[in-house]
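>
Numbering (mature numbering (1 follows the signal peptide of the UniProt record, and there is no 0)), first residue to last: -21 to -1, 1 to 416.
(1) Could you tell me which of 120, 276, 367 and 21 sits nearest to residue 56, measuring between CA atoms?
(2) Write down the C-beta distance between residue 151 and residue 406 rounded to the nearest angstrom, noting that I regard them as a contact closer than 8 Å.
(3) Please work out which residues of its chain come closer than 7 Å, Cβ to Cβ, to residue 177, disregarding the five sequence neighbours upstream and downstream, and give them in chain order.
(4) Helix or strand or just coil, what does DSSP make of residue 129?
(5) Please give the ranges of any alpha helix (DSSP H) in the stretch 2 to 69, keeping only runs that are unbroken, at least 4 residues long and fully inside the region.
(6) Which whole runs of the beta strand (DSSP E) in the stretch 215 to 275 are 3 residues long or more, in chain order?
(7) Rounded to whole angstroms, how far is the Cβ of residue 132 from the Cβ of residue 113, which I believe are closer than 8 Å?
(8) Comparing alpha-carbon positions, which option in 95, 107, 47 and 49 lies nearest residue 75?
(9) Can you tell me the Cβ-Cβ gap for residue 62 and residue 97, rounded? I've got them flagged as a contact below 8 Å.
(10) Measuring alpha carbon to alpha carbon, tell me which residue in 311, 326 and 324 is nearest residue 334.
(11) Could you tell me how far apart the beta carbons of residue 18 and residue 79 are, in whole angstroms, since I believe they sit closer than 8 Å?
(12) If you compare alpha carbons, which of 290, 345 and 171 is closest to residue 402?
(13) Considering only their Cβ atoms, is the gap separating residue 322 from residue 432 smaller than 7 Å?
(14) Could you check the C-alpha separation between residue 297 and residue 329 for me, to the nearest Å?
(15) Measuring straight from C-alpha to C-alpha, what distance separates residue 226 and residue 94?
(16) Rounded to whole angstroms, what is the Cα-Cα separation between residue 186 and residue 24?
(17) Residue 392 to residue 383, Cα distance in whole Å?
(18) Check for me: the beta strand (DSSP E) holding residue 406 runs from which residue to which?
(19) Within 10 angstroms of the Cβ of residue 84, are there 16 or more other Cβ atoms? Answer buried if so, exposed if not.
(20) What residues in its chain sit with their C-beta under 7 Å from that of residue 351, if we drop five residues either side in the sequence?
(21) If you draw a straight line from the alpha carbon of residue 357 to that of residue 48, how long is it in whole angstroms?
(22) Once DSSP output is grouped into helix, strand and coil, what is the label at residue 159?
(23) Quick one: residues in its chain with C-beta nearer than 8 Å to the C-beta of residue 282, no 5 flanking neighbours on either side, listed in chain order?
(24) If we ignore side chains and look at the alpha-carbon of each, how far apart do residue 269 and residue 246 end up?
(25) For the alpha helix (DSSP H) that residue 71 lies in, which residues bound it at each end?
(26) Please determine whether the Cβ atom of residue 272 lies at a distance below 6 Å from any heavy atom of the ligand FMN.
(27) Between the alpha carbons of residue 320 and residue 253, how many angstroms are there, rounded?
(28) Determine the contact status of residue 273 and residue 287, defining contact as a CB-CB distance below 7 Å.
(29) Excluding the 5 residues flanking residue 16 on each side, which residues of the same chain have their C-beta closer than 7 Å to its C-beta?
(30) Enumerate in chain order the residues of its own chain whose CB-to-CB distance from residue 155 is below 6 Å, with the five nearest sequence positions on each side excluded.
(31) Label residue 205 either buried or exposed according to how many other C-beta atoms from any shown protein chain fall within 10 Å of its C-beta, with 16 as the threshold for buried.
(32) Here's the rule I'm using: 16 or more other beta-carbon atoms within 10 Å means buried, otherwise exposed. How should residue 265 be labelled?
(33) Ignore the nearest five residues each way along the sequence and tell me which others in residue 128's own chain have a CB closer than 6 Å to its CB.
(34) When you compare only the Cα positions, how much space is there between residue 291 and residue 136?
(35) With 16 other CB atoms within 10 Å as the buried threshold, where does residue 412 fall?
(36) Taking only three categories from DSSP, how would you classify residue 124?
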């Protein structure tokens, strides 16, 4: 049995609700992948002049929380108490009667042309409000972001960890049959909403990667006929090709944690090694020197190390080396071939794709290769990317057959709560960006 203790500071802790003597940190037990989600109540926020936005914002908050698999919403039809205003006193006995352990009440209004959300979180069995109530505001066009921000605050108060709902994902949108697939870069909210296209489908695009600040994207383009790295500004979709070394192909780029440099693969005369350059161009530094194919680099959060894939041992495996180069250490030791390693933003795990026994797996391991765990398995799963808080992975799943296609899925690091990202159609190569400011 694995016990995952989710606890905030003492002022923000929820009780288990079993009895006063048992009050303490909220504990969610994972027993062979089975978890009992926390029951919570979320009455539709009171409309204070915002019209339908009150109910729409409430539903997005509920979708965010329930979508984690850690929370279970109690249907509004079961609620006993009704809120006529934001300041209606809470009748905790009414919420205890339906076994709600957490209660969220709020209101949505308009002020100065902005949507204003006020909300409070309550520990039902502790008969108390957790922390001060909060108020957030945004333009009417950004109401979904406002809802995500509210959900992030609630998630953080209950779990003691940062949320991930107010974030975006850049990916490759795919349309058409498999033998004539059209691809273009797209960006969306983490839940598949607000899709915007950043390129057209006139050329092949691969492996987009966010900058640490979320304002730029690196990707591989074939617009010159050969793979080249291009950097794009998210704000205006303007892009530029990075400096080229004659006679080479460049691909698989990734920003450093400070956003100041880029690590990438460069192929020359049939040999592929890892290189680094400044974002502004200039000198190129070679990091590996091997006859093997070395690609898919990813920095540790502190920028001191790089994890990458290489076939220097004869098969595709995962290695870690100093960010300045040097002799790498192999960390993958299971059966099969390993690739697309990505360092967790928390620094504790490395996610990867594994191919073994005719199937593909998304898995995680410690940074020394220990405690390897497979989280998914299918005909073709590949290319994991981390949520900003390091608790959820998004990846590509390809279905077989002529009519099959690529879709994006998410799974948490326990292997639970596997689900497709709704509403985006064919999609691959996702990369999760940071929390938005």
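All C-beta atoms in this analysis are idealised placements derived from N, C-alpha and C, irrespective of residue type, glycine included. In this text, all values refer to a predicted model and were calculated from it rather than measured experimentally.
So, to answer that:
(1) 21
(2) 7 Å
(3) 164, 165, 166, 211 and 216
(4) helix
(5) 32 to 46
(6) 218 to 220, 227 to 234, 240 to 247, 250 to 257 and 260 to 265
(7) 6 Å
(8) 107
(9) The pair is not a contact, with the Cβ atoms about 12 Å apart (cut-off 8 Å).
(10) 311
(11) 6 Å
(12) 171
(13) For the chain, the structure presents residues -21 to 416; residue 432 sits outside this window and is missing.
(14) 10 Å
(15) 55 Å
(16) 40 Å
(17) 27 Å
(18) 406 to 414
(19) buried
(20) 313, 342 and 344
(21) 21 Å
(22) helix
(23) 235, 236, 237 and 302
(24) 12 Å
(25) 71 to 75
(26) Summarising the ligand content, the structure contains no ligands, and the ligand FMN is consequently not present.
(27) 14 Å
(28) yes
(29) 48, 49, 50 and 51
(30) 161
(31) exposed
(32) exposed
(33) 115 and 145
(34) 46 Å
(35) buried
(36) helix
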